[in-house]
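J.: The structure is given below, and queries will be raised subsequently.
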Amino acid sequence: MTPATLLVTVFFFVPALILFILSLTDLASSNFSEPWHFIGLLNYQRMFSDRFFPKILGNTIRYVTLTLIFFNVGLALLLALLTSYINRRAGFFFRMLWLLPRITPSVVYIVMWRRMVQQAPFGIINQFLGWFGLSQQPHLLNEHPWLFVILANGFVGASFGMLIFSSAIESIPKDLFTAAKVDGASTLQIIRDITLPMLRWPLLFVTSYQTLSLLVSFEYILLLTNGGPGLFTTEVWALTSYKRALSTYFGTNQWGYGAAWGLVLVVIAITASVIYLRVFRFDDLVQEPKIDVL
Amino acid sequence: MKVELTNLTKRWGDVVGAEGIDLSTKDGEFVAFLGPSGCGKTTTLLMIAGIYKPTVGEILFDDRVVNTVPPKDRNIGMVFQSYALYPHMTVFQNIGYPLKLQKVPKDELQKHVQRVADMMGIGHLMDRKPAQLSGGQQQRVALGRALIKEPQLLLFDEPLSNLDARLRLSMRSEIKRLQMDLGITSIYVTHDQIEAMTMADRVAVMKDGHLQAFAPPDELYDHPKTLFIAGFVGNPPMNFIEVEVKQENGSYQVLGPGIHLDLPADRGEKVARSSKVIMGIRPEDISLADTGVKGEVYLIEPLGRDDLLDVRIGETAVRVLADPALGVRMRDTVTLHFNTDTAQLFDPDTEQSLLW
């Protein structure tokens, strides 16, 4: 057995199997002292017939898609391109700066966001708006919860792609850019015709990796809105799974039911990965070159 | 198109890329920039291409100053050592890219690309990606891409350095032939003096960012202006021997350790005032003879047509080309005849030629 197989087995297949078995039981803190039972697919039935299931599914799709497109890939690519066209040192410094939120503890980072969006004398954004005559603004988080959920996640998420993309741009041979300039290409044409096509591999990597990490991430949402305001407004799949399985509120842990949510998320993630590999034609990317003589 | 460089200089802070280059080419001329790595030849080329902006000086295309003209508006074609083909594009797309940028209609582009590809002998490889081509094929694609927009100036940046020896030879003559047929002014950067000598109408020899000489190949070979040129041009390289020149009874003598030679009067006159000089003499101007300077054969390198002998005259080593039929062996004592009619003489301090 190769090391890779061993690692995947121990850290993926075995946990997934345990998760699956767990999802077939009625294990919960309410009946913890009693013997637990296999209840078949009852947890899944309950999940799919949940009144808020469509809402949570929609939220998850919205959260992952918007954050991914606008920030984790979109903004990341934009930042990488911009920082590679400015002075090398300035670009390096800017990228370092952008990494700060990532190394800030989640709680501190979210507390900063919460301070920013509060009402007028406390909230920083509203103070600024006040200078422009917009003094009586409501609590921004309650008004636009999705905007701030995506902003808070996106600002951190973009730094990963930014690093990957800028190092990929950096590794494109300089001669190619010189050749394109001599061939008559403008900067935008060079980006369109040379830089972006050569970023296909990092684009695939960042898109799939970030999709998966967004699918399972919930801590910023938990800290920022806790799925609110109101009922399930910003509640995503992973957050539901966490709340059902692990969040204790007078002994309401439902490990079996939470596991069902978790397992379906695993299936969604695998499906997404397969789709990405197809869309980016992964086979082409790793194809061996054919060389023959003159 | 004529290219003229006046006092062309590129500096990055204290680092000098090229300094005070003055040079002008004729229309349709093939010019080589020759020099060791770091001599500023590529820097100069990239300034002509418009990739670098000159710190000082001017670049003129047909009397028009182009210092601030972006590369895309200079109508140049360029070929790189790395080929610089776009790896994600096919051969067709690579060659057609300059035309695509000019928004040439599709069918016209198709015809054009096919014609250029056929001319380069790669018309059957249109759908391949660069990674599926051999080095020689890639270089042809690169040439095709440089030629397709019918540039007024072709720039070559060591285009043959990545090819194997045999292919380099055939591509060398192919490029030269192509340049002559098309009559496009060309600048060819190389560190290989044979390439420069065989291909170029005139060679610009560069060292440490300075232009040392700009002359036709035979001029560089016969009348090297500096010690550097003398040593760089010609293969195997010229021998340099520290000698003294003395005048006795109207004839001139060259004296060195174990060396005593006559010097023709036309050369002797020019060095009469400086006694210590560096004499340069090419391996092909030294021959084995019955009388002359005695030396010991230290090493023999068979080159096929000739043997290259490393002969030690006391502490001095000289390279000599000898006929293999003579059957010289290592550690033999041989007698050398120096043909001083073609000897070069240099000032040891300024390294300038005392003759030219």
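Residue numbers (our numbering), protein chains in the order written: chain C, 355 to 648; chain S, 76 to 431. Beta carbons are placed, not taken as given, at the ideal position from N, Cα and C, and that holds for glycine.
Just the Cα atoms here: how many angstroms apart are P377/S and L363/S?
T.: The count along the second sequence starts at 1 and reaches residue 377/S at position 302. The count along the second sequence starts at 1 and reaches residue 363/S at position 288. In a straight line, the C-alpha of P377/S is about 16 Å away from that of L363/S.
J.: For L361/C, report the span of its beta strand (DSSP E) as first-last.
T.: Residue mapping note: residue 361/C aligns to position 7 of the first sequence, counting from 1. Premise fails: L361/C lies in the alpha helix (DSSP H), 357-362, not in any beta strand (DSSP E).
J.: What residues of chain S sit near D529/C, judged by a beta carbon separation below 7 Å?
T.: Taking the first sequence and counting its residues from 1, the one referred to as residue 529/C is at position 175. In chain order: F155, S157, A159.
J.: Taking Cβ to Cβ, would you say D360/S is nearer than 8 Å to T417/S?
T.: Counted from its first residue, the second sequence places residue 360/S at position 285. Counted from its first residue, the second sequence places residue 417/S at position 342. It is a contact, given that the beta carbons lie within the stated cut-off.
J.: Going by C-alpha distance, which of Q328/S, V409/S, S261/S is nearest L120/S?
T.: As a first step, residue 120/S is located in the second sequence; it is residue number 45 there, counting from the start. Here the closest residue by C-alpha is S261/S.
J.: Pull the bridge partners of H412/S from the DSSP assignment, please.
T.: For the purposes of this step, residue 412/S is taken as residue 337 along the second sequence, with counting starting at 1. According to DSSP, which records beta bridges pairwise, H412/S is partnered with S362/S.
J.: Nearest chain S C-beta to S304/C closer than 8 Å, yes or no?
T.: Outside the shown range of chain C (355 to 648) lies residue 304/C, about which nothing can therefore be said.
J.: Using a beta-carbon distance below 8 Å, is F406/C in contact with chain S?
T.: What you label residue 406/C is simply residue 52 of the first sequence in a count that begins at 1. So, not an interface residue.
J.: Taking all protein chains shown into account, do 16 or more other C-beta atoms lie within 10 angstroms of the C-beta of T143/S, making it buried, or fewer, making it exposed?
T.: Start at 1 with the first residue of the second sequence, and residue 143/S comes out as number 68. Exposed, by the Cβ-count rule.
J.: What residue from R380/S, D297/S, K321/S, I388/S has the CA that sits closest to P332/S's CA?
T.: Position 257 of the second sequence, counting from 1, holds the residue named residue 332/S. Measuring from the Cα of P332/S, the nearest candidate turns out to be I388/S.
J.: Any idea which residues DSSP pairs I151/S with across the strands?
T.: Walking along the second sequence from the start, residue 151/S turns up at place 76. I151/S is bridged to L228/S.
J.: Beta-carbon of K409/C versus every beta-carbon of chain S: anything under 8 Å?
T.: Walking along the first sequence from the start, residue 409/C turns up at place 55. Closer than 8 Å: no.
J.: Rounded to the nearest angstrom, what separates R277/S and F105/S at their Cα positions?
T.: As a position in the second sequence, residue 277/S is number 202, starting the count at 1. As a position in the second sequence, residue 105/S is number 30, starting the count at 1. If I take the Cα positions, the gap works out to 7 Å.
J.: The beta strand (DSSP E) with T84/S in it runs from where to where?
T.: As a first step, residue 84/S must be located in the second sequence, where it is residue number 9. Run containing T84/S: 78-87, per the beta strand (DSSP E) assignment.
J.: Between which two residues does the beta strand (DSSP E) holding E133/S run?
T.: Taking the first residue of the second sequence as 1, we reach residue 133/S at position 58. It spans 131-136 - the beta strand (DSSP E) in which E133/S sits, taken as one unbroken run.
J.: Listed in chain order, which residues of the stretch 138-149 of chain S have Cβ atoms closer than 9 Å to some Cβ of chain C?
T.: So the close ones are P145, P146, K147, D148, R149.
J.: With 16 as the cutoff for other CB atoms within 10 Å, does T410/S come out buried or exposed?
T.: Reading the second sequence from its first residue, position 335 is the one you call residue 410/S. Under this definition T410/S is an exposed residue.
J.: Anything in chain S within Cβ reach of Q473/C, meaning under 9 Å, just list it in chain order.
T.: Indexing the first sequence from 1 puts residue 473/C at position 119. What Q473/C touches in chain S: nothing, since even the nearest Cβ is about 52 Å away.
J.: Starting from A623/C and walking both ways along the beta strand (DSSP E), at which residues does that stretch end?
T.: Position 269 of the first sequence holds residue 623/C. Counting along the chain, A623/C falls outside any beta strand (DSSP E), though it belongs to the alpha helix (DSSP H) covering 609-633.
J.: In chain S, which residues lie less than 7 Å from P551/C when you measure between Cβ atoms?
T.: Here the question's residue 551/C lines up with position 197 in the first sequence. Simply H163.
J.: Identify the contact partners of A533/C in chain S, using a Cβ-Cβ distance below 7 Å as the criterion.
T.: Indexing the first sequence from 1 puts residue 533/C at position 179. By Cβ distance, chain S contributes M153, F155, A159.
J.: Interface residues of chain C around L176/S at Cβ under 7 Å?
T.: Counting from one through the second sequence, the residue named residue 176/S turns up at place 101. Those are D537, G538, A539, Q543, listed as they occur along chain C.
J.: Run down chain S in chain order and give the residues with a C-beta less than 7 Å from the C-beta of I548/C.
T.: As a first step, residue 548/C is located in the first sequence; it is residue number 194 there, counting from the start. Within 7 Å Cβ-Cβ: Y161.
J.: Classify H335/S as helix, strand or coil using the three-state DSSP reduction.
T.: Counted from its first residue, the second sequence places residue 335/S at position 260. H335/S falls in the strand class under three-state DSSP.
J.: Taking the C-alpha atoms as reference points, what is the distance between M153/S and Y296/S?
T.: In the second sequence, residue 153/S corresponds to position 78, counting from 1. In the second sequence, residue 296/S corresponds to position 221, counting from 1. For M153/S and Y296/S, the distance between alpha carbons rounds to 29 Å.
J.: With a 10 Å radius around its C-beta and 16 neighbouring C-beta atoms as the bar for buried, classify A502/C as buried or exposed.
T.: Numbered from 1 along the first sequence, position 148 holds the residue referred to as residue 502/C. As written in the sequence, residue 502/C is Phe, which differs from the Ala given in the question. It is buried - the Cβ of F502/C has at least 16 other Cβ atoms within 10 Å.
J.: Could you please give the first and the last residue of the uninterrupted beta strand (DSSP E) stretch that includes T265/S?
T.: Position 190 of the second sequence, counted from the first residue, corresponds to residue 265/S. It spans 260-265 - the beta strand (DSSP E) in which T265/S sits, taken as one unbroken run.
J.: Would you check if the distance between the CB atom of R247/S and the CB atom of L257/S is smaller than 8 Å?
T.: If you number the second sequence from 1, residue 247/S lands on position 172. If you number the second sequence from 1, residue 257/S lands on position 182. Going by C-beta atoms, R247/S is not nearer than 8 Å to L257/S.
J.: In its own chain, which residues sit with a C-beta less than 6 Å from the C-beta of L557/C, not counting the 5 before and 5 after it?
T.: Mapped onto the first sequence, residue 557/C falls at position 203. Around L557/C: no qualifying Cβ.
J.: What does A124/S touch in chain C if you count any residue whose Cβ is under 9 Å from its own?
T.: Working through the second sequence from its first residue, we reach residue 124/S at position 49. Here the neighbours are T532, K535, V536.
J.: Grouping DSSP H, G and I as helix and E and B as strand, with all else coil, what is Q177/S?
T.: Stepping through the second sequence from its first residue, residue 177/S is reached at position 102. It is coil, neither helix nor strand.
J.: When you compare the CB of P234/S with every CB in chain C, is at least one pair closer than 8 Å?
T.: By one-based count along the second sequence, residue 234/S stands at place 159. Chain C contact via Cβ: absent.
J.: Under 8 Å by Cβ, that's how I've got V264/S and I223/S pegged, so tell me the actual separation to the nearest angstrom.
T.: Counting from one through the second sequence, the residue named residue 264/S turns up at place 189. Counting from one through the second sequence, the residue named residue 223/S turns up at place 148. Rounded, the Cβ-Cβ distance is 21 Å, inconsistent with contact.
J.: CB-CB under 7 Å to P357/C, same chain, minus the five flanking residues each way: which ones, in chain order?
T.: In the first sequence, the residue the question calls residue 357/C occupies position 3. Correct list: empty, nothing qualifies.
J.: Is Q207/S helix, strand or coil by DSSP?
T.: Locating residue 207/S in the second sequence gives position 132, counting from the first residue. Correct three-state label for Q207/S: helix.
J.: Once the 5 residues before and after V393/S are set aside, which same chain residues still bring their CB inside 6 Å of it?
T.: Taking the second sequence and counting its residues from 1, one reaches residue 393/S at position 318. Closer than 6 Å at Cβ, skipping near neighbours: N314, V386.
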